[in-house]
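Visitor: Here's a structure for you.
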Amino acid sequence: MASPSTKCSSGSSEGDSVVVTDQRKRKRMESNRESARRSRMRRQKHLDDLNSQAAQLRKENNQILTGINVTTQHFLNVEAENSVLRAQMTELSHRLDSLNEILNYICCTTANGVPDSEGFDMGFGFDHGFNNVDPFSPAYASHPLVAAPAEAMLQY
Numbered sequence: 023m024a025s026p027s028t029k030c031s032s033g034s035s036e037g038d039s040v041v042v043t044d045q046r047k048r049k050r051m052e053s054n055r056e057s058a059r060r061s062r063m064r065r066q067k068h069l070d071d072l073n074s075q076a077a078q079l080r081k082e083n084n085q086i087l088t089g090i091n092v093t094t095q096h097f098l099n100v101e102a103e104n105s106v107l108r109a110q111m112t113e114l115s116h117r118l119d120s121l122n123e124i125l126n127y128i129c130c131t132t133a134n135g136v137p138d139s140e141g142f143d144m145g146f147g148f149d150h151g152f153n154n155v156d157p158f159s160p161a162y163a164s165h166p167l168v169a170a171p172a173e174a175m176l177q178y
């Protein structure tokens, strides 16, 4: 048999084309492998980026939930304090109404000739050097009692 080097010229060109075709196949396979490797790397990087983004969003979500919980607790505390202040305001308004009724009764009875405040001591001790000013006189009847702001009441 003839060795591959002793082939005829037409056989050698056929052999060359087979070699060239094999080289092309190998190059294409290597290129495909490299392309697949790059594709896997891109896919892995994209997956890593998505996982990182998901972790960041979870962290932000937890921070927002914590903020909402703190704000809700603050709101509930303010609402409870507001409820207490409303109850105190109602109580003080009732007291003020009662005191105004007492003053109106006293002023009306003194204006109608019923015993006035001279010689009439209710135990309040109003004579404290104010030139014997009588708080039950008709001059004071036109001045109703006014409640102080809640802040002033809560200072004591």
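Taking the numbering used here, the leading residue of the sequence shown gets 23, the next gets one more, and so forth.
Glycine residues also receive a C-beta, built at the ideal position from the N, C-alpha and C atoms.
Measure the alpha-carbon distance for L87 versus R59 and round it to whole angstroms.
Guide: Going by the C-alpha atoms only, they are around 42 Å apart.
Visitor: Applying the 10 Å Cβ sphere with the 16-neighbour rule, what's the burial state of I90?
Guide: It counts as exposed.
Visitor: Out of curiosity, what's the CA-to-CA distance linking A77 and R65?
Guide: Rounded to the nearest angstrom, the two C-alpha atoms are 18 Å apart.
Visitor: Measure the alpha-carbon distance for N122 versus L107 and round it to whole angstroms.
Guide: So the alpha carbons of these two residues sit roughly 22 Å apart.
Visitor: Would I2 be called buried (16 or more neighbouring beta carbons within 10 Å of its own) or exposed?
Guide: Outside the displayed range of the chain (23 to 178) lies residue 2, so it cannot be described from this structure.
Visitor: Apart from the five residues just before and just after S35, which ones in its own chain have a Cβ nearer than 6 Å to its Cβ?
Guide: Cβ neighbours of S35 beyond the five flanking positions: none.
Visitor: Between V92 and S74, what straight-line distance do the alpha-carbon atoms span, to the nearest angstrom?
Guide: Their Cα atoms are separated by approximately 27 Å.
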